[in-house]
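Visitor: The opening residue of the sequence shown carries number 68 in our numbering; numbering runs sequentially from there.
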Amino acid sequence: IEFPNEPDLNPVTYKGMTDKRLGARYGDAPALMAFCSDITELLKASPELNAVPRIGFNDWMHDVQKNLITYANSHIYPKRKTVSEGWLTDWARLLSQSDKKSGVITEWGRSTGGDAKNVIAPPVTLEEQAELLAGDLSVILSQPSVTAVSIFELFAWPTSREIDNFGLFNSDMTPRPVVSAIKALLV
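(1) Contact defined as beta carbons within less than 8 Å: I believe Ser169 pairs with Tyr144. What is the distance between those atoms, to the nearest angstrom?
(2) Got a sec? Which residues, its chain only, sit under 7 Å from Val103 by beta carbon, not counting five neighbours each side?
(3) Comparing C-alpha positions only, which one of Gly234, Asp75, His129 and Asp86 sits nearest to Arg160?
(4) How long is the line joining the alpha carbons of Thr85 and Lys250, rounded to whole angstroms?
(5) Sort Met240, Ser151 and Gly90 by Cα distance to Gly202 and report the nearest one.
(6) Can you tell me whether Glu194 is buried or exposed? The criterion is at least 16 other CB atoms within 10 Å of its CB, across all chains shown.
(7) Considering only residues of the same chain and omitting the five flanking positions on each side of Phe301, which have a CB-CB separation below 8 Å?
(8) Pop quiz: Ser165 and Glu229 are said to be a contact at Cβ under 8 Å. What is the actual Cβ separation, rounded to whole angstroms?
(9) Of all the options Asp239, Gly94, Thr226 and Thr173, which has the alpha carbon lying nearest to the alpha carbon of Ser217?
(10) Of all the options Gln196, Ile207, Ser205 and Ala215, which has the alpha carbon lying nearest to the alpha carbon of Phe233?
(11) So, at 8 Å on beta carbons, what are the nonlocal neighbours of Asn77 in its own chain, with the 5 sequence-adjacent residues on each side left out?
(12) Enumerate in chain order the residues of its own chain whose CB-to-CB distance from Leu89 is below 6 Å, with the five nearest sequence positions on each side excluded.
(13) Taking Asp231 and Gly180 to be in contact with their CB atoms under 8 Å, please state how far apart those CB atoms are, rounded to whole angstroms.
(14) Find the nearest neighbour of Leu199 within the set Trp158, Arg147 and Lys167, judged by alpha-carbon distance.
(15) For the beta strand (DSSP E) containing Ala197, list its first residue and its last residue.
(16) Roughly how far, in whole angstroms, is the beta-carbon of Val171 from the beta-carbon of Ile122, given that I think they are within contact range, below 8 Å?
(17) Where Ala112 and Trp154 are concerned, what is the direct C-alpha to C-alpha distance, given to the nearest angstrom?
(18) Taking Thr241 as part of the beta strand (DSSP E), name the residues at either end of that continuous run.
(19) Could you tell me which uninterrupted beta strand (DSSP E) segments, each at least 3 residues in length, are contained entirely in the region 101-160, listed from first to last along the chain?
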């Protein structure tokens, strides 16, 4: 069970409290932490759910949530058009803050949309997406500190926007080249 996604961008309201936007980035998220504490107690009290792993909310406040979670969590979007292990330094820092030996990457991706002004990362071509994402996954899957990774996202949508073009499949459900590249890696 993953705690709330991107609570820094989507502030939590709970028990009459509402966190400030970006509060979770700076350790000021009392509503979020109250929710996470309460849900942890409910899960621990349930014989059916107490063994289900709890995944931290992404990237922020791992030192505060470390007693509530089973795994740390991050969203990672490489900025360079190369397969790189540079993200491992940030990943190790996040794990050390959470006192965890491993974690989950709940978002990893390469967008083919947008332009040089993209917020998340520069766009890549369809061929680069295939080569880079398969290379990224090869590195990720060799890391004992990564328990699981989720690729963002399943479909690309028929726009040119950055956020709409991370998909493995086109909106008509035809596979993009990245599908064959990942399949070749995993088979």
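By construction, the Cβ of each residue, glycine as well, lies at the ideal position given by its N, Cα and C atoms.
Guide: Quick answer:
(1) If you number the sequence shown from 1, residue 169 lands on position 102. If you number the sequence shown from 1, residue 144 lands on position 77. The Cβ separation is near 20 Å, so there is no contact.
(2) Here residue 103 refers to the residue found at position 36 of the sequence shown. According to the sequence provided, residue 103 is Cys. The question's Val does not apply to it. Hits under 7 Å: Phe70, Gln132 and Leu135.
(3) What you label residue 160 is simply residue 93 of the sequence shown in a count that begins at 1. The shortest Cα separation from Arg160 among Gly234, Asp75, His129 and Asp86 belongs to His129.
(4) Counted from its first residue, the sequence shown places residue 85 at position 18. Counted from its first residue, the sequence shown places residue 250 at position 183. Near 44 Å, if we compare the C-alpha coordinates of Lys250 and Thr85.
(5) Numbered from 1 along the sequence shown, position 135 holds the residue referred to as residue 202. Cα-wise, what sits closest to Gly202 is Ser151.
(6) Against the sequence shown, residue 194 aligns to sequence position 127. Glu194 comes out exposed.
(7) With the chain running from 68 to 254 in the structure shown, residue 301 is simply not present.
(8) Along the sequence shown, read from residue 1 onward, the residue named residue 165 stands at position 98. Along the sequence shown, read from residue 1 onward, the residue named residue 229 stands at position 162. Between Glu229 and Ser165 the Cβ distance is about 29 Å, and since that is not below 8 Å, they are no contact.
(9) For the purposes of this step, residue 217 is identified with residue 150 of the sequence shown, where counting begins at 1. Of the candidates Asp239, Gly94, Thr226 and Thr173, the one whose C-alpha sits nearest the C-alpha of Ser217 is Thr173.
(10) Sequence index remark: in the sequence shown, residue 233 carries index 166 (1-based). The option with the nearest alpha carbon to Phe233 is Gln196.
(11) As a position in the sequence shown, residue 77 is number 10, starting the count at 1. Counting only Cβ-Cβ distances below 8 Å, and skipping sequence neighbours, we find Pro71.
(12) For the purposes of this step, residue 89 is taken as the residue at position 22 of the sequence shown. So the qualifying residues of the chain are Asp75.
(13) In the sequence shown, counting from the first residue as 1, residue 231 sits at position 164. In the sequence shown, counting from the first residue as 1, residue 180 sits at position 113. Indeed they touch by this definition, with Cβ atoms about 6 Å apart.
(14) By 1-based counting over the sequence shown, the position of residue 199 is 132. Ranking the options by Cα distance to Leu199, first place goes to Arg147.
(15) For this step, residue 197 is matched to residue 130 along the sequence shown. Counting along the chain, Ala197 falls outside any beta strand (DSSP E), though it belongs to the alpha helix (DSSP H) covering Leu193 to Leu208.
(16) Looking up residue 171 in the sequence shown gives position 104. Looking up residue 122 in the sequence shown gives position 55. Confirmed, Cβ separation roughly 5 Å.
(17) In the sequence shown, counting from the first residue as 1, residue 112 sits at position 45. In the sequence shown, counting from the first residue as 1, residue 154 sits at position 87. For Ala112 and Trp154, the distance between alpha carbons rounds to 36 Å.
(18) The sequence position of residue 241 within the sequence shown is 174, counting from 1. Element bounds for Thr241: n/a, residue is neither H nor E.
(19) 139-143
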